[in-house]
Structure formats: structure tokens, C-alpha cells
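Visitor: My questions all concern the structure below.
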Amino acid sequence: MTTTETYTPVAETVGAVLSRQSRPPRPSAWSASLTFGWRAMLKIKHVPEQLFDVTAFPIMMTLMFTYLFGGALAGSPSQYIQFVLPGIMVSSVVMITMYTGVEVNKDIERGVFDRFRSLPMWRPAPMVGYLLGDAFRYTMASTVILVVGLILGFRPPGGVVGVVAGIALLVGFSFAFSWVWTMFGLLLRSEKSVMGVSMLVLFPLTFLSNVYVDPSTMPGWLQAFVNVNPITHLVSAVRSLMGGTTDSGEIAWVLIAAAVCIAIFGTLTMRLYNRK
Amino acid sequence: MSDLAIETSGLVKVFGDNRAVDGLDLAVPAGAVYGVLGPNGAGKTTAVRMLATLLRPDGGQARVFGHDVVREADAVRGRVSLTGQYASVDEDLTGMENLVLLGRLLGHRKAAAADRARELLEAFGLTDAADRQVKNYSGGMRRRIDIAASILNTPDLLFLDEPTTGLDPRSRNQVWDIVRIVVAHGTTVLLTTQYLEEADRLASRIAVIDHGKVIAEGTPGQLKSSIGAGSVHVRLRDPHRRPEAERLLAEALGAPVYIDADPVALTARIIGNGRDEAAAEQASRALMELSRAGIVVDDFSLGQPSLDEVFLALTDKPAA
Ligand SMILES: Nc1ncnc2c1ncn2[C@@H]1O[C@H](COP(=O)(O)OP(=O)(O)OP(=O)(O)O)[C@@H](O)[C@H]1O
Ligand SMILES: [Mg+2]
Numbered sequence: 001m002t003t004t005e006t007y008t009p010v011a012e013t014v015g016a017v018l019s020r021q022s023r024p025p026r027p028s029a030w031s032a033s034l035t036f037g038w039r040a041m042l043k044i045k046h047v048p049e050q051l052f053d054v055t056a057f058p059i060m061m062t063l064m065f066t067y068l069f070g071g072a073l074a075g076s077p078s079q080y081i082q083f084v085l086p087g088i089m090v091s092s093v094v095m096i097t098m099y100t101g102v103e104v105n106k107d108i109e110r111g112v113f114d115r116f117r118s119l120p121m122w123r124p125a126p127m128v129g130y131l132l133g134d135a136f137r138y139t140m141a142s143t144v145i146l147v148v149g150l151i152l153g154f155r156p157p158g159g160v161v162g163v164v165a166g167i168a169l170l171v172g173f174s175f176a177f178s179w180v181w182t183m184f185g186l187l188l189r190s191e192k193s194v195m196g197v198s199m200l201v202l203f204p205l206t207f208l209s210n211v212y213v214d215p216s217t218m219p220g221w222l223q224a225f226v227n228v229n230p231i232t233h234l235v236s237a238v239r240s241l242m243g244g245t246t247d248s249g250e251i252a253w254v255l256i257a258a259a260v261c262i263a264i265f266g267t268l269t270m271r272l273y274n275r276k
Numbered sequence: 277m278s279d280l281a282i283e284t285s286g287l288v289k290v291f292g293d294n295r296a297v298d299g300l301d302l303a304v305p306a307g308a309v310y311g312v313l314g315p316n317g318a319g320k321t322t323a324v325r326m327l328a329t330l331l332r333p334d335g336g337q338a339r340v341f342g343h344d345v346v347r348e349a350d351a352v353r354g355r356v357s358l359t360g361q362y363a364s365v366d367e368d369l370t371g372m373e374n375l376v377l378l379g380r381l382l383g384h385r386k387a388a389a390a391d392r393a394r395e396l397l398e399a400f401g402l403t404d405a406a407d408r409q410v411k412n413y414s415g416g417m418r419r420r421i422d423i424a425a426s427i428l429n430t431p432d433l434l435f436l437d438e439p440t441t442g443l444d445p446r447s448r449n450q451v452w453d454i455v456r457i458v459v460a461h462g463t464t465v466l467l468t469t470q471y472l473e474e475a476d477r478l479a480s481r482i483a484v485i486d487h488g489k490v491i492a493e494g495t496p497g498q499l500k501s502s503i504g505a506g507s508v509h510v511r512l513r514d515p516h517r518r519p520e521a522e523r524l525l526a527e528a529l530g531a532p533v534y535i536d537a538d539p540v541a542l543t544a545r546i547i548g549n550g551r552d553e554a555a556a557e558q559a560s561r562a563l564m565e566l567s568r569a570g571i572v573v574d575d576f577s578l579g580q581p582s583l584d585e586v587f588l589a590l591t592d593k594p595a596a
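Sequences listed follow chains A and B, in order. Numbering-wise, our numbering puts 176 at position 176 of the first sequence, and it's gapless, one number per residue. To convert a position in the second sequence, counted from 1, into our numbering, add 276.
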């Protein structure tokens, strides 16, 4: 049966599809967002290579930092990993948030974005859908790092509950933080420039923090930056959860920062999305 | 007397200092195919994007079924759908997945969306390709899945932006057939194209646009009578007889004859001679005059006016 090329439109069959006048009510905001999340999953199914970024990169980071700096910074790799693993997890996941902007930008260049924008549905749904898909990737990256860490001798005193809570906080913050990238994805012209801007923001943010070393060893001016860097607070919060010494002050700081991110960058994203 | 599906007045869109759409006035009656004919860069896509609420106009007004495209964008979105010039489906997903995705986004439940997707794939001859990624589809199949996606909810107005550009003749015919069926079911279609032939075959009214403005509007018959029914191209055996042939053709056809760069070729426009005679008949009479004068014709062809000729006739300059 090779109907695809020798196809002739038949008035009856095409007409039958057309005359079935059953326009259902619009989907709810949540259901539309979930549908877009499903689309992100389908994309992972068809282009599994994209998971490379959330597996290979984190594994490399963990191994590199544990063995490269472990001896020098904390006496031995197995001691250092107790300190650095939550930090590596945070910095790797925050790093991969930039792919959100790249994905948004790629979609805009293709016509499919036009179709989504011309549908009568809750406007932010496509954006929320991207981020739901990304939340899956963040969880996956966190899990990979955790497993590698456990193999290398990471023994979190916070136990299962602490670790799960730490990862949940990290994924939640990254979801909020990704709105920065959806904004740039809509704002900038090319994939390359989105990557460029992301690097420019993410490198200082992740390195000038308490991920790798205790800030008290740094000069005062640097400490000033490190102490207001949201990544520092996120790392402290996640470290406290995994370390079994829950720091509710830091957790509250992170949650408020996440809410502010969504409020500012979510609004800017939607403004750009509607204007485009 | 039918209502208007689209009404625009003085619609403007400016990109930098480029006035892509520059005071566009359109009145598109509901229930038929309306053709928008224009060369590259005329502003067709820009106009369609404004009407489909994807782009905000910089000036003027546009209403779709009475709803303002800016202030009542959501109401407009509920009644229109768009098949863009470039594929507006997700190339990474399969045909089936694309249609289910859209069905879900339009509010169908999972099972209903899957049923609907299967029906559409069947009706568009894509059942065999249902589980292949769209990026592996041929150009014609892409167009069909794209149109299938656009009629998933049987829109009241369908925008087709250059639906046949780049398709082979068979795929083009398939698209034409689909458009006819869609219109017969009551959906208004706004079709942009660069081909007069396409607008002529499908549309009941045509607007010719250039530099973002309408430069002519009317039924295909009206347009053709203002620009001529076509042209006849002739190649002579003996280049020395060309001046004589030129004079004979001009007399027989009552229209100007163009001298081609090729020393043996001539092109004459055929315009209505008031006797309602078919273009082919006029052309054959003109050719007879040549043979009577003993001028040997090696080859000739009769064509519908091309977009270039339409523009030549309407603006006295070739399409920009
Ligand atoms: N996003 C944009 N930014 C800047 N200029 C644009 C943009 N979109 C279109 N233009 C310009 O506006 C003009 C009209 O473009 P448009 O795409 O509407 O033409 P068109 O009639 O659809 O042409 P084609 O037949 O090539 O599709 C062109 O000069 C084009 O370069
Ligand atoms: Mg165009």
C-alpha cells in the first residue's frame, strides 16, 4: 500500500473529517502545559542525544573536581566529595538550564512556533511545557550526579529524605531560573548568541560562589559578591538538606528568589512572546 | 449577501525603515477562496501574520469576523488557523504525534485526539507515514500534514501562505483539490500565491499586492480582462523576417509585441478584442497571418500571463 505519493484527495473522506463539528472546550492552563511537557518528552524519545548534556557533562564535572582538587582542597577526594557534591550538583544543573533558551530559539526559527501562538489557549502554556520537560532533565542530571557521588564515596547524613528534598529544591529553583533563558531565547536572534549570553552569565555565577571552596578563604570584595550570589544560597540550602542540618533561612531565601525570578522573567518572557 | 470574513483598512507594518505592509485595504467575503497575489517581498506573509494575530500591526485596523485582531485576538484565534509558508508542524515528531498534540491543545481528550488524528491521516493519505518523523516526509506530504493540522478543528477561516511554492505538479494538484473541498464545506480560505494560474483556478476574488499595497482587485475574469488573457511566444526560422512578423502579429492581435533577446523570438500579449474570442483562437489566427505571408514558424507556445506580465500590465514595470 503506497498511498502516500499517489494520493488523491477524496471529497467524501476529507469532507467527513471537516463536517464533524465537535469543537471541545479549551483545555485548562495546566492541561495545555502538560501537553507541551509531553511534547518535550517525545522530543527526548526521538532525539535521545540531547540527554548527553545532562549525563556526560555532569559525570565529567563530578569526576574532574573530585580528583583534581580533592587532594589539594580537603586532604583527600573522599573527604572533599562530602563537601563538593551538592555544589557540583547545583552548578551542573544550573549550567544546563541554558539549553532551555537554545530550545526556545530553535523552535522560533521553525514555523511550528507560529502555530502554537495562533492557538486559542493559555498563553504561557508552551513556555511552561518547555520548563516541565527541562525539570525532567534537571532531575535526571541530579540523579546521575548522585549515583556517581555514591559510587565515589559520598555519604550524605541527611539520608534519603534530605537528598530528595535537596534535589527537589534544586529542580524547583532551576525551573524558576530558566525563565531567564526563555526570555533570552525569545529576545536574541540566533542560537549562538543565546549560548554566548548564557555562558557569560553562568560561568561567573557558578564559579564565584561557595560551590568549590569556602568563601572565607577569599578576598573581601569577592566575598561580597559571593554572598549575594543566588547560587551560593542555593548551594548552602541544598548542602544543609543533604547534610542533615536543614537551614530554613537559606531555603526561604531560595524560594523567594525563585518566586522573584518567575515574577520578573516570566512576565518579560510572556510580553516578548505576545509581541514577537 | 454574505458577511465579510476579513476587513482591513490602512493596515501597516514597518520593519526598521522597510514598510513591509503599507496601507493595505482588503475586504474578504466569507465562504470562498480569496487569492492574494504578489511577488517575493510584497508583504503577503507579513499581512497574513498580522491577520492571524501573530504580529502586531503598526497602524490601521484589521477585523476577522468582526473581531479586532489586536483587542480581541483570542476570539480571532478561536476561529482561524494558519498553514504558514514554512512548515508549521514539529519536524522532530511523527505525523501522528503532531496531530495528537494539536488535538490535545485544542481541548480533545486523549482518546478523541487519537481518533481524530487517525481520521485526518487517513483522509490525507498519510496513514502509512503516521509513525514517521515529519522531517522525513516529502514536500507534498509535509504540506498535507500541515493542512491536516490546520483543519483539525474545522476553522471558519483558513490562511494558506503560499501552499504550493516548491511543490511538483502532482502535489500542487492535491493541494488544490483539498482547498476546493475545504471551501465547499464552508470554510473561508485566504490563499497567498505568486502564481496567477493558482489564484485564477481557486479564488473567486483576487487582490494583487506590491510593496505592501493592493494595486488591483477583482474577480479573476476582471483582472484578466485588464491584463490580457495570456501571451503567445513565437520562434521564427529566419531572423530577417522578424520585423515583418512583428508588424503582422501586432495587427492581428491589436496588442504590442515584444522583441526577445533571442534574434528569432517574439512575444505578443493577447488582450480581449471585444468579441469574447478565446486566447487560443486569436493566437491561431495571428499565426495563420504569418504563414500566409510565407514566414516559417519553428515553434510557438501559448501561456497564461505570468506574474511578471501581470505586473508589467498593472504597473508598467516588472515585478520588483
Ligand atoms: N521579521 C522581519 N524583520 C524585518 N524585515 C522583515 C521581517 N519579515 C519580513 N520582512 C521584510 O518585509 C518585506 C515583506 O516580507 P514578506 O515576507 O511579508 O513578503 P512575502 O510577500 O511573503 O514574500 P515571499 O513571497 O518571499 O514569501 C520584505 O522586504 C521582508 O524582507
Ligand atoms: Mg511569504
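Every residue, glycine too, gets a C-beta built ideally from N, C-alpha and C.
Along chain A, which residues have their Cβ under 8 Å away from the Cβ of residue 369 (chain B)?
Guide: Within 8 Å Cβ-Cβ: 39, 42, 43, 46.
Visitor: Under a Cβ-count criterion, where at least 16 other Cβ atoms within 10 Å of its own Cβ denotes burial, should residue 516 (chain B) be classed as buried or exposed?
Guide: Exposed, by the Cβ-count rule.
Visitor: So, with DSSP's three-state summary, where would you put residue 347 (chain B)?
Guide: It is coil, neither helix nor strand.
Visitor: Mind pulling the chain A residues with CB within less than 7 Å of residue 329 (chain B)?
Guide: In chain order: 118.
Visitor: Kindly indicate if chain A contains any beta-carbon less than 8 Å away from that of residue 350 (chain B).
Guide: True, the Cβ-Cβ gap to chain A drops below 8 Å.
Visitor: Can you pull the chain A residues whose beta carbon is under 7 Å from the beta carbon of residue 353 (chain B), in chain order?
Guide: Those are 118, 119, 120, listed as they occur along chain A.
Visitor: Out of A:224, A:185, A:60, which has the shortest C-alpha to C-alpha gap to residue 147 (chain A)?
Guide: Out of A:224, A:185, A:60, A:60 has the C-alpha closest to the C-alpha of residue 147 (chain A).
Visitor: Quick one: any contact between the region 100–110 of chain A and the region 200–218 of chain A, if contact means 3 or more CB pairs under 8 Å?
Guide: The region 100–110 of chain A vs the region 200–218 of chain A: no contact.
Visitor: Please check if any C-beta of chain B sits within less than 8 Å of the C-beta of residue 214 (chain A).
Guide: No - not a single Cβ of chain B is within 8 Å of the one on residue 214 (chain A).
Visitor: Just to confirm, does residue 440 (chain B) get its C-beta within under 7 Å of one of the non-hydrogen atoms of ligand 2?
Guide: No, ligand 2 has no heavy atom inside 7 Å of this Cβ.
Visitor: Is residue 437 (chain B) near ligand 2, in the sense that its beta carbon is under 7 Å from a heavy atom of that ligand?
Guide: Yes, Cβ of residue 437 (chain B) sits closer than 7 Å to a heavy atom of ligand 2.
Visitor: Starting from the Cα of residue 297 (chain B), find the closest Cα among B:322, B:314, B:308, B:283 and give me that residue.
Guide: For the residues B:322, B:314, B:308, B:283, the minimum Cα distance to residue 297 (chain B) belongs to B:322.
Visitor: Please list, in chain order, the chain E residues whose beta carbon lies closer than 7 Å to that of residue 135 (chain A).
Guide: In the structure shown, chain E cannot be found, because the protein chains are A and B.
Visitor: For residue 439 (chain B), count the other beta carbons within 10 Å of its own beta carbon; 16 or more makes it buried, fewer makes it exposed. Which is it?
Guide: Answer is buried; the Cβ neighbour count reaches 16.
Visitor: Have a look at residue 85 (chain A) and residue 145 (chain A) and give me their C-alpha separation to the nearest angstrom.
Guide: Taking the straight line from one Cα to the other gives about 8 Å.
Visitor: Where in the region 41–66 of chain A do unbroken runs of the beta strand (DSSP E), each at least 3 residues long, occur, reported from the N-terminal end onward?
Guide: Correct list: empty.
Visitor: Name the residues in the region 392–403 of chain B whose C-beta lies less than 9 Å from a C-beta of chain A; which are they?
Guide: So the close ones are 392, 395, 396, 398, 399, 400, 401, 402, 403.
Visitor: I need the boundaries of the beta strand (DSSP E) containing residue 226 (chain A), first residue and last residue.
Guide: Segment 220–228 is the alpha helix (DSSP H) holding residue 226 (chain A); no beta strand (DSSP E) there.
Visitor: Decide yes or no for the touch test of the region 22–33 of chain A against the region 118–126 of chain A: beta carbon pairs closer than 8 Å, at least 3 of them.
Guide: Short answer: they touch.
Visitor: Chain A partners of residue 373 (chain B), CB-CB under 7 Å?
Guide: Near residue 373 (chain B) (Cβ distances below 7 Å), the residues of chain A are 42.
Visitor: Grouping DSSP H, G and I as helix and E and B as strand, with all else coil, what is residue 437 (chain B)?
Guide: Of the three classes helix, strand and coil, the one that applies to residue 437 (chain B) here is strand, per DSSP.
Visitor: Taking 7 Å as the line, does the beta carbon of residue 105 (chain A) fall inside it for any heavy atom of ligand 1?
Guide: No, the beta carbon of residue 105 (chain A) sits no closer than 7 Å to any heavy atom of ligand 1.
Visitor: Is any heavy atom of ligand 2 found at a distance shorter than 7 Å from the C-beta of residue 289 (chain B)?
Guide: Result no, Cβ not under 7 Å from ligand 2.
Visitor: By the three-class DSSP mapping on this structure, what secondary structure does residue 517 (chain B) have?
Guide: Helix.
Visitor: Helix, strand or coil for residue 330 (chain B), going by three-state DSSP, please let me know.
Guide: In this structure, residue 330 (chain B) counts as coil in the three-state DSSP scheme.
Visitor: Measure the alpha-carbon distance for residue 559 (chain B) versus residue 508 (chain B) and round it to whole angstroms.
Guide: Cα to Cα, the separation comes out at about 7 Å.
Visitor: Residues of chain B with CB under 8 Å from residue 27 (chain A), in chain order?
Guide: Ordered by position in chain B, the residues that pass the 8 Å Cβ test against residue 27 (chain A) are 380, 381, 382, 383.
Visitor: Residue 171 (chain A): which of A:7, A:231, A:271 sits nearest, CA to CA?
Guide: It is A:231.
Visitor: Taking CB distances under 8 Å as the criterion, tell me whether residue 577 (chain B) reaches chain A.
Guide: It does not; no Cβ of chain A falls within 8 Å.
Visitor: Since residue 242 (chain A) and residue 153 (chain A) are thought to touch, with beta carbons under 8 Å apart, how far apart are those beta carbons, to the nearest angstrom?
Guide: At roughly 14 Å, the Cβ-Cβ gap does not stay under 8 Å, so residue 242 (chain A) and residue 153 (chain A) are not in contact.
Visitor: If we define contact as Cβ-Cβ less than 8 Å, is residue 111 (chain A) a contact residue for chain B?
Guide: Answer yes: the Cβ-Cβ gap between residue 111 (chain A) and chain B drops below 8 Å somewhere.
Visitor: Alpha carbon to alpha carbon, how far is residue 358 (chain B) from residue 67 (chain A)?
Guide: Each residue's alpha carbon lies about 56 Å from the other.
Visitor: Buried or exposed for residue 557 (chain B), please, with buried defined as at least 16 other CB atoms from any protein chain shown within 10 angstroms of its CB.
Guide: Exposed is the call here.
Visitor: Based on the DSSP output, what are the partners of residue 464 (chain B) in its beta bridges?
Guide: Answer is B:433.
Visitor: Do you know how far the Cα of residue 114 (chain A) is from the Cα of residue 257 (chain A)?
Guide: Looking at the two C-alpha atoms, the distance is approximately 32 Å.
Visitor: Can you tell me whether DSSP reads residue 367 (chain B) as helix, strand or coil?
Guide: Residue state, collapsed to three classes: coil.
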